[in-house]
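Q: Here the protein sequences come in this chain order: A and B.
Residue numbering for the first sequence follows the working numbering, beginning at 1 and increasing consecutively.
Residue numbering for the second sequence follows the working numbering, beginning at 111 and increasing consecutively.
Idealized CB from N, CA, C, for every residue including glycine.
All values reported here derive from a predicted model rather than from experimental measurement.
Got a structure for you, written out below as C-alpha cells; questions coming shortly.
2 protein chains.
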Amino acid sequence: MKDNSLLKGALSTLILKLLADNGQMYGYEIIQKIKEASADQMQITEGALYPALHKMEQNGLLKSELRPVSGRTRKYYALSPKGQKATQSKLDQLQGFLSSIQMIIQPKAQ
Amino acid sequence: MKDNSLLKGALSTLILKLLADNGQMYGYEIIQKIKEASADQMQITEGALYPALHKMEQNGLLKSELRPVSGRTRKYYALSPKGQKATQSKLDQLQGFLSSIQMIIQPKAQ
DNA sequence: CGAATATACCTAAAATTCTTAGGCATGAAA
DNA sequence: TTTCATGCCTAAGAATTTTAGGTATATTCG
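Take a look at the structure:
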C-alpha cells in the first residue's frame with residue numbers, strides 16, 4: 001500500500017514536456033529535474049522511469065544517443081518528429097484531466 | 111493502449127471528496143456525478159468504481175447501506191469516521207501532486 | 001588509502017489499478 | 001415488446017508502478 005500512486009498515468013506526458021523544454025536529457029537527469037521542480041514532492045523511481053523511456057522510444061516518440069561524459073556513459077533522449085507532434089495533444093489532454101479533477105475537489109462556492 | 115489512464119491514483123480521493131460534499135451516494139450516482147462535473151471529460155467505468163468502493167469499505171474508509179428505491183436496490187455509501195479523518199489529508203496530497211505537475215507542464219516564463 | 005556516497009544505467013517479480021467485456025435484474029420509454 | 005436507462009456485480013487481461021535487486025565509475029570524506 002503505497003501512496004505515491006498519484007503519479008500514475010502522467011509520467012509519459014511529463015517526459016515529453018521536459019524534453020520539449022530542454023532539448024535533450026538523460027534518465028538520471030529527468031529524475032532529478034522532476035524531484036526538484038516539485039519541491040521534493042514527486043519522486044520518480046528508476047524502475048518506473050527507465051521502462052517508460054524504453055517504451056516511448058520503441059513507440060517512436062523518442063530517440064536516444066549514448067554519450068560518454070567524464071568516464072560514465074549517459075543515454076541522452078530527445079523528441080523524435082513524431083514525439084514533437086504528440087507533445088501538444090498529450091499536454092492538452094493532461095490539462096483537461098487536471099481541470100476536471102479541480103472541478104470536483106475545489107471547495108464549491110454554493 | 112488506452113488513454114483514459116490519466117485517472118490512475120486519484121479515484122479514491124475523488125470518492126472521498128464527493129461523499130464529504132454530498133453526505134451519501136450510490137455507485138451509479140458517483141459515476142454520473144463525475145461525468146457531469148467534468149463536462150463529460152472523465153468517464154469512470156463501473157469496473158473501476160465498484161472494486162474501488164469495495165476496497166475502501168474493506169479498509170474502513172466507507173460504510174454502506176442497502177436501500178430499495180422504487181423497485182431497485184441501491185447501495186448507499188458514506189464516510190466512516192476514519193474516512194472523514196482521511197479525506198483532508200488525501201485532498202492535500204492530491205492538491206500538492208497537481209501543483210507539482212502544473213509546475214512542470216506550465217509554459218515557463220523565462 | 002579506503003569507504004561511503006553520488007552518478008548512471010538496467011531488470012524482474014510482485015502489487016496495484018484500470019479496461020474490457022461480460023452477467024443479472026427492474027423500470028420506463030419507444 | 002424490445003430497447004434503453006438504472007443499478008449492482010465479477011473476472012481476465014493490460015498497463016503502470018513499487019520494490020528490490022544488479023553493475024560500474026567518479027567523487028568525497030575520514
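Just verifying my parser: in three-state terms, what is the DSSP assignment at ALA48(A)?
A: Helix at ALA48(A).
Q: If you run the structure through DSSP and keep just helix, strand and coil, what is TYR25(A)?
A: Just to set this straight, residue 25(A) is Met in the shown sequence, not Tyr. If DSSP states are grouped into helix, strand and coil, MET25(A) belongs with the strands.
Q: Chain A partners of ILE144(B), CB-CB under 9 angstroms?
A: Those are SER100 and ILE104, listed as they occur along chain A.
Q: Determine, using beta-carbon pairs with one atom in the region 126-145 of chain B and one in the region 19-26 of chain A, whether at least three such pairs fall under 8 angstroms.
A: As far as the Cβ criterion goes, the region 126-145 of chain B does not touch the region 19-26 of chain A, which means the pair count is below three.
Q: Using DSSP with H/G/I as helix, E/B as strand and the rest coil, what is ALA188(B)?
A: Looking at ALA188(B) - three-state DSSP - the assignment turns out to be strand.
Q: Which residues does DSSP pair with LYS173(B) in a beta bridge?
A: DSSP, once it has assigned bridges, lists ALA188(B) as partnering LYS173(B).
Q: Check the C-beta distance from LEU19(A) over to ALA78(A) and give it rounded, since I have them as a contact under 8 angstroms.
A: Indeed, because the Cβ distance is near 6 angstroms, the residues count as touching under 8 angstroms.
Q: By Cβ distance, which residues of its chain are closer than 6 angstroms to MET152(B), with the 5 residues on each side in sequence left out?
A: ILE144, listed in sequence order.
Q: Ignore the nearest five residues each way along the sequence and tell me which others in ALA48(A)'s own chain have a CB closer than 7 angstroms to its CB.
A: LEU11.
Q: Cα separation between LEU176(B) and ILE105(A)?
A: About 27 angstroms.
Q: Can you tell me which residues form a DSSP beta bridge with THR73(A)?
A: According to DSSP, which records beta bridges pairwise, THR73(A) is partnered with PRO68(A).
Q: State yes or no: is the C-beta of LEU171(B) within less than 8 angstroms of the C-beta of SER190(B)?
A: For LEU171(B) and SER190(B), yes; Cβs fall inside 8 angstroms.
Q: Beta-carbon separation of SER64(A) and TYR76(A) under 8 angstroms?
A: Yes.
Q: How should SER70(A) be labelled, buried or exposed, when 16 other C-beta atoms within 10 angstroms of its C-beta is the threshold for buried?
A: So SER70(A) ends up on the exposed side.
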